[in-house]
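Enquirer: Below are the structure tokens for one structure; questions will follow.
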Amino acid sequence: MRVTLKVWRQKNAQDKGRFETYELDHIDEHASFLEMFDVLNEKLIKEGKDPVAFDHDCREGICGMCSMVINGRPHGPLPRTTTCQLHMRHFRDGETIVVEPWRAGAFPVIKDLVVDRSAFDRIIAAGGFISVNTGQAVEANSILVPKENADKAMSAAECIGCGACVAACKNASAMLFVAAKVSHLALLPQGQPERYRRVRNMVAQMDKEGFGACTNTNACEAACPKGISVANIARMNREYLRATLLAED
Amino acid sequence: MKLDPKIPPGDLESKWTRYRSTVKLVSPANKRKLDVLVVGSGLAGASAAASLAELGYRVKVFCFQDSPRRAHSIAAQGGINAAKNYRNDGDSVYRLFYDTIKGGDYRSREANVYRLAEVSSNIIDQCVAQGVPFAREYGGVLANRSFGGTQVERTFYARGQTGQQLLLGAYQALQRQVGQGNAQVFPRHEMLELVVRDGRAIGIIARNLVTGELERHSGHAVVLATGGYGNVFYLSTNAMGCNVTAIWKAYKKGAAFGNPCFTQIHPTCLPQHGSYQSKLTLMSESLRNDGRVWVPKHKGDKRRPADIPESERDYFLERKYPAFGNLVPRDIASRAVKEVCDEGRGVGPTGLAVYLDFSDAIRRLGRSVIEARYGNLFEMYEKITGDNPYETPMMIYPAVHYTMGGLWVDYQLSTTIPGLYAIGECNFSDHGANRLGASALMQGLADGYFILPYTIGEYLSGLIRTGSIPTTYSEFDAAERDVAQRIERLLSIKGAYTVDHFHRELGKIMWDHCGMARSRQSLEYAAGEVKKLREAFWHEVRVPGTAYELNPELEKAGRVADFLELAALIIQDALHREESCGGHFRVEYQTEDGEALRRDDEFMYVAAFEFAGEEAPAILHKEPLKYEVVTPSQRSYK
């Protein structure tokens, strides 16, 4: 198949950036979107041009590295699908496809389609963990977790940290990402001792990083390649409210 | 070079306990004066870094991805083994140890494997305490399933994303240490050289992948946790960035490389479909719990699978291995698949695929049970292939998945360079010639959480008076100069072919001639082809851009250059090992019914190779394997 690509090119963080147009022919419909970009890059290199920089690694939808806004939608048109798992058979022959990086103040562009998502790591460092040192753990089955809670926690923990939720949100809010981790740990007995501290610290770090506020449009859930539910945001709001009310300081 | 495995004396059961109780300690005040560099942030790297930082060491972690959470451990699907015996089905530390030794075709060290089985239970405890959401029963206890090569249910899992959940547990523990100021993470950094002074590892040269600057980092010890090198085959189930570079630099600086030719070909992957293909996708081995593997009985049967009656199907794994059936170990299953495809009974457009059929299980258990067990895997299969596996059987074919070979380490996980440790998949490991399913996660976390934090003290206790190691030593100057020159050289070739072109060519040579079946003839041919390709690479590759910017092509070029060198070593090892064992199958050495024929009298050793110069063949050293508890026999899964 044949496609026309309009790709965001930006040399570095300082560069203003612009769209470049590329024509590609003979693309196999079973190729993944990133394999199509491989073909584009090989072509650009052979023509003596600069290939497009983009983040990718596992190419099986789990590492969370790939990050392209395709025709205005993070990870493209298919629900619950990362860019690397999107295949060309979902596009029309002759279609024009616009490809941009995640756009959010807290995710500055490094080059072309590559952005800096280290804000997410700092949010986790602020409280997205259970404080237990290696070596002191109790016998695993001495902690019983009702299956329903374990399943809910797992559904929240499936977040791959790609940032599509931020890219989809008109406010560039990171609420879904933060809520997924808060929920995962708040739903488990192991997470109880730090429950309120955790949500306060993570939200404070989220605000510090410059992510926007949540206005409940649910665009994040629609864009999430793992289908993380906005119910987690509601849970986090409850946790946060409780934490604030119960705060002793 | 002298190989001393440093196996502690005493009974197998008491070695580790005694070692732990007598190993030298470093006081908390002194730990604060010691720097440890950890390269790689997967299960082994992240768990080691977090544990060492908790102990009080000053830790720096390096990874080439944009966050430590992206390391390829994240993609492990099926589960993690532990000898908990929660199912009351006769499991024990000894049985896990025995299964692992046997699964590895008697090419691993008894003492290491026993220790691995011993700490397996602690891993589950630790992960549960961290909040890893393992699957549970209605009563709230942990659930289990079975995996290949075993007859008990000892595998713990978190849907089809066990690796992800375990890695996030370790990553969160690491980030907690980052928040507390005990660890520093350097994402988008790639180690390009090891710095050695007076025979000890004292630091690394890392390239900041965003700015292109070369950075010097010094440490009292360097821990490599950089994963496997399966991408030497170009197409594999590894992530695109997985590479051999860090351990290859260490090898060239004097660390021995153990069993480089031991590669695992995983039976259940999606078949290859086009020349543009960039990677192969694994379908978890757990699927073989309920999926049945079959091909048509008759050659060239092109009917749709649903139209082929039961009597004309050959469930070849169940037929050949009735005791283990579809759950035979990976090497055995892969070879059996290859065999039926070679006979012309393969299915799909290329004839290089077999069916993995769930219709019996769906009939027996209902669709909802199958969906709960494998829902995300089925979804992934459908996304990639466009076929619905609830309605039509999956098509699978073997693909390169894991490398049992890696840097040679002693019982303390130390390489032959003092101060340089290798943990997880990048060491030559506890898996012998074939790894059992759900054991990679176990080994990575065992090394990182429970073994290295003890053993590294033995070495670091001798360095408490050293003080910070200056990065102004001439060895740092020389290492940085070497790296800069190599980058300059890659950029200056300006040839006509892309890096990927050479990588694809290399992969083709390795898969066709050093893959599932190897012979003297094919290996000698491969050696010649690799040599030619390597020369062509250094004359004809085109690397665009400059050194001082984000330049993914330059990163790839460096990695492929190292793969080209590694390939020669893999072939040398495969040629010298004139026997078949585990994943290494030499067609000259097979039993009458086509099973691997080990030659224990001559080859019961770890082959550890020493670098001897760019053009010279590596020097072979042998670490004999002594079996004091287990009696090696021909593996039988019949």
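So the sequences go chain by chain: A and B. For the first sequence, the working numbering gives the first residue as 4, with consecutive numbering after it. For the second sequence, the working numbering gives the first residue as 12, with consecutive numbering after it. Idealized CB from N, CA, C, for every residue including glycine. Quantities reported herein were computed from a predicted structural model and do not represent experimental measurements.
Could you give the C-beta distance for B/Asp116 and B/Ala444, rounded to a whole number, given that I count them as a contact under 8 Å?
Expert: Start at 1 with the first residue of the second sequence, and residue 116 of chain B comes out as number 105. Start at 1 with the first residue of the second sequence, and residue 444 of chain B comes out as number 433. So it is a contact: roughly 4 Å between Cβ atoms.
Enquirer: Output, in sequence order along the chain, the residues in the stretch 150-161 of chain A whose CB is closer than 7 Å to any CB in chain B.
Expert: Those residues of the stretch 150-161 of chain A that come within reach of chain B (Cβ to Cβ, closer than 7 Å) are Lys150, Ala153, Ala156, Met157, Ala160 and Glu161.
Enquirer: For B/Asp136 and A/Ala153, I'd like the C-alpha separation in whole angstroms.
Expert: Looking up residue 136 of chain B in the second sequence gives position 125. Looking up residue 153 of chain A in the first sequence gives position 150. Straight-line Cα distance between these residues: approximately 16 Å.
Enquirer: Chain B beta carbons: is any one of them nearer than 8 Å to that of A/Cys227?
Expert: In the first sequence, counting from the first residue as 1, residue 227 of chain A sits at position 224. No, no contact with chain B.
Enquirer: Looking at the secondary structure, which residues open and close the alpha helix (DSSP H) in which A/Asp41 lies?
Expert: Counting from 1 along the first sequence, the entry for residue 41 of chain A is found at position 38. Segment Phe36 to Lys49, the alpha helix (DSSP H) holding A/Asp41.
Enquirer: Using a threshold of 8 Å, state whether the C-beta atoms of B/Glu436 and B/Ala451 are closer than that.
Expert: Here residue 436 of chain B refers to the residue found at position 425 when the second sequence is read from its first residue. Here residue 451 of chain B refers to the residue found at position 440 when the second sequence is read from its first residue. Taking 8 Å as the Cβ cut-off, B/Glu436 and B/Ala451 qualify as a contacting pair.
Enquirer: Is it the case that the Cβ atoms of B/Gly90 and B/Thr33 are separated by a distance below 8 Å?
Expert: As a first step, residue 90 of chain B is located in the second sequence; it is residue number 79 there, counting from the start. As a first step, residue 33 of chain B is located in the second sequence; it is residue number 22 there, counting from the start. No.
Enquirer: Using a Cβ-Cβ cut-off of 8 Å, state whether A/Val42 counts as contacting chain B.
Expert: Counting from 1 along the first sequence, the entry for residue 42 of chain A is found at position 39. Chain B, which has a Cβ nearer than 8 Å to the Cβ of A/Val42, makes this yes.
Enquirer: Taking 8 Å as the cut-off, decide whether the C-beta atoms of B/Tyr114 and B/Pro340 are in contact.
Expert: Here the question's residue 114 of chain B lines up with position 103 in the second sequence. Here the question's residue 340 of chain B lines up with position 329 in the second sequence. Residue identity differs from the one stated: residue 114 of chain B is Gly in this sequence, not Tyr. Yes. Within cutoff.
Enquirer: Taking beta-carbon pairs under 7 Å, can you tell me which members of the stretch 97-117 of chain A lie near chain B?
Expert: Cβ contacts with chain B: Ile113, Lys114 and Val117.
Enquirer: May I ask you to list, following chain order, the residues of the stretch 159-193 of chain A that have a beta carbon less than 8 Å from some beta carbon of chain B?
Expert: Result list: Ala160, Glu161, Ile163, Gly164, His187, Leu188, Leu191 and Gln193.
Enquirer: B/Ala507: buried (16+ other C-beta within 10 angstroms of its C-beta) or exposed?
Expert: Within the second sequence, the letter at position 496 stands for residue 507 of chain B. It counts as exposed.
Enquirer: Which full runs of the alpha helix (DSSP H) of 4+ residues lie inside the stretch 446-493 of chain B, going along the chain?
Expert: Counting whole runs of 4 or more residues, the stretch 446-493 of chain B contains the alpha helix (DSSP H) stretches 451-456 and 463-471.
Enquirer: Have a look at the DSSP bridge pairing and note the partners of B/Phe620.
Expert: As a position in the second sequence, residue 620 of chain B is number 609, starting the count at 1. Paired residues: B/Phe268 and B/Leu631.
Enquirer: Looking at the unbroken alpha helix (DSSP H) that takes in B/Pro563, where does it start and where does it end?
Expert: Position 552 of the second sequence, counted from the first residue, corresponds to residue 563 of chain B. That run of the alpha helix (DSSP H) goes Pro563 to His587.
Enquirer: Taking only three categories from DSSP, how would you classify B/Arg315?
Expert: In the second sequence, counting from the first residue as 1, residue 315 of chain B sits at position 304. If DSSP states are grouped into helix, strand and coil, B/Arg315 belongs with coil.
Enquirer: Measuring only between beta-carbons, confirm whether B/Lys394 sits less than 8 Å from chain A.
Expert: Counting from 1 along the second sequence, the entry for residue 394 of chain B is found at position 383. By this cut-off, B/Lys394 is an interface position.
Enquirer: Would you check if the distance between the CB atom of B/Ile215 and the CB atom of B/Val233 is smaller than 8 Å?
Expert: The residue labelled residue 215 of chain B in the question sits at position 204 within the second sequence. The residue labelled residue 233 of chain B in the question sits at position 222 within the second sequence. Yes, the pair counts as a contact, with Cβ atoms nearer than the cut-off.
Enquirer: For A/Ala216, count neighbouring C-beta atoms within 10 Å of its own C-beta (all shown protein chains included) and say buried if the count is 16 or more, exposed if not.
Expert: As a first step, residue 216 of chain A is located in the first sequence; it is residue number 213 there, counting from the start. Counting Cβ neighbours within 10 Å, A/Ala216 comes out exposed, since fewer than 16 surround it.
Enquirer: Let me check you understand the geometry: is the CB of A/Ala175 closer than 7 Å to at least one non-hydrogen atom of the ligand NAP?
Expert: With respect to small molecules bound, the structure shown includes none, and the ligand NAP cannot be examined in it.
Enquirer: B/Thr292 touches chain A at which residues, Cβ-Cβ below 7 Å?
Expert: Counting from 1 along the second sequence, the entry for residue 292 of chain B is found at position 281. The answer, in chain order, is Glu63.
Enquirer: For A/Val2, decide whether its Cβ has a neighbour in chain B, counting only Cβ atoms nearer than 8 Å.
Expert: Outside the shown range of chain A, which is 4 to 252, sits residue 2 of chain A, and nothing can be said about it.
Enquirer: Identify every residue that forms a DSSP beta bridge with B/Thr166.
Expert: Here the question's residue 166 of chain B lines up with position 155 in the second sequence. B/Thr166 is bridged to B/Asn92 and B/Arg156.
Enquirer: To the nearest angstrom, how far is the alpha carbon of A/Ala34 from that of B/Lys567?
Expert: For the purposes of this step, residue 34 of chain A is taken as residue 31 along the first sequence, with counting starting at 1. For the purposes of this step, residue 567 of chain B is taken as residue 556 along the second sequence, with counting starting at 1. Going from the Cα of A/Ala34 to the Cα of B/Lys567 covers about 21 Å.
Enquirer: Are the Cβ atoms of B/Leu54 and B/Leu177 separated by less than 8 Å?
Expert: Within the second sequence, numbered from 1, the residue matching residue 54 of chain B stands at position 43. Within the second sequence, numbered from 1, the residue matching residue 177 of chain B stands at position 166. Against a cut-off of 8 Å, the Cβ pair of B/Leu177 and B/Leu54 comes out as a contact.
Enquirer: Do B/Ala169 and B/Val50 count as a contact pair if the criterion is CB distance below 8 Å?
Expert: On the second sequence, position 39 is the one that residue 50 of chain B refers to. On the second sequence, position 158 is the one that residue 169 of chain B refers to. Not in contact: B/Val50 and B/Ala169 (Cβ atoms no closer than 8 Å).
Enquirer: Can you pull the chain A residues whose beta carbon is under 9 Å from the beta carbon of B/Arg147, in chain order?
Expert: One-based indexing of the second sequence puts residue 147 of chain B at position 136. Neighbours of B/Arg147 on chain A, chain order: Leu147, Val148, Pro149, Lys150, Asn152, Ala153 and Asp154.
Enquirer: Taking 8 Å as the cut-off, decide whether the C-beta atoms of B/Ala128 and B/Phe158 are in contact.
Expert: What you label residue 128 of chain B is simply residue 117 of the second sequence in a count that begins at 1. What you label residue 158 of chain B is simply residue 147 of the second sequence in a count that begins at 1. No, the pair does not count as a contact, with Cβ atoms beyond the cut-off.
Enquirer: Any C-beta of chain A sitting closer than 8 Å to the C-beta of B/Arg81?
Expert: Position 70 of the second sequence, counted from the start, is the residue given in the question as residue 81 of chain B. Chain A, which has a Cβ nearer than 8 Å to the Cβ of B/Arg81, makes this yes.
Enquirer: Restricting to Cα atoms, I'd like to know which of B/Thr466, B/Gly459 and B/Thr248 is closest to B/Lys35.
Expert: For the purposes of this step, residue 35 of chain B is identified with residue 24 of the second sequence, where counting begins at 1. The candidate whose alpha carbon is nearest that of B/Lys35 is B/Thr466.
Enquirer: Can you tell me whether DSSP reads A/Gln195 as helix, strand or coil?
Expert: For the purposes of this step, residue 195 of chain A is taken as residue 192 along the first sequence, with counting starting at 1. Looking at A/Gln195 - three-state DSSP - the assignment turns out to be coil, as it is neither helix nor strand.
Enquirer: Specify whether the stretch 40-60 of chain A and the stretch 382-398 of chain B touch according to this definition: at least 3 beta carbon pairs, one from each stretch, less than 8 Å apart.
Expert: As far as the Cβ criterion goes, the stretch 40-60 of chain A does not touch the stretch 382-398 of chain B, which means the pair count is below three.
Enquirer: Identify every residue that forms a DSSP beta bridge with B/Ala217.
Expert: In the second sequence, residue 217 of chain B corresponds to position 206, counting from 1. Bridge partners of B/Ala217: B/Met202 and B/Glu226.
Enquirer: Along chain A, which residues have their Cβ under 8 Å away from the Cβ of B/Ala61?
Expert: As a position in the second sequence, residue 61 of chain B is number 50, starting the count at 1. Those within 8 Å of B/Ala61 in chain A are Thr137.
Enquirer: Rounded to the nearest angstrom, how far is the Cβ of A/Asp60 from that of B/Arg81, given a contact under 8 Å?
Expert: Reading the first sequence from its first residue, position 57 is the one you call residue 60 of chain A. Reading the second sequence from its first residue, position 70 is the one you call residue 81 of chain B. Between B/Arg81 and A/Asp60 the Cβ distance is about 6 Å, and since that is below 8 Å, they are a contact.
Enquirer: Compare the beta carbon distance of B/Leu45 and B/Lys71 with 8 Å and say whether it is the shorter of the two.
Expert: As a position in the second sequence, residue 45 of chain B is number 34, starting the count at 1. As a position in the second sequence, residue 71 of chain B is number 60, starting the count at 1. Cβ distance not < 8 Å, so B/Leu45 and B/Lys71 don't count as in contact.
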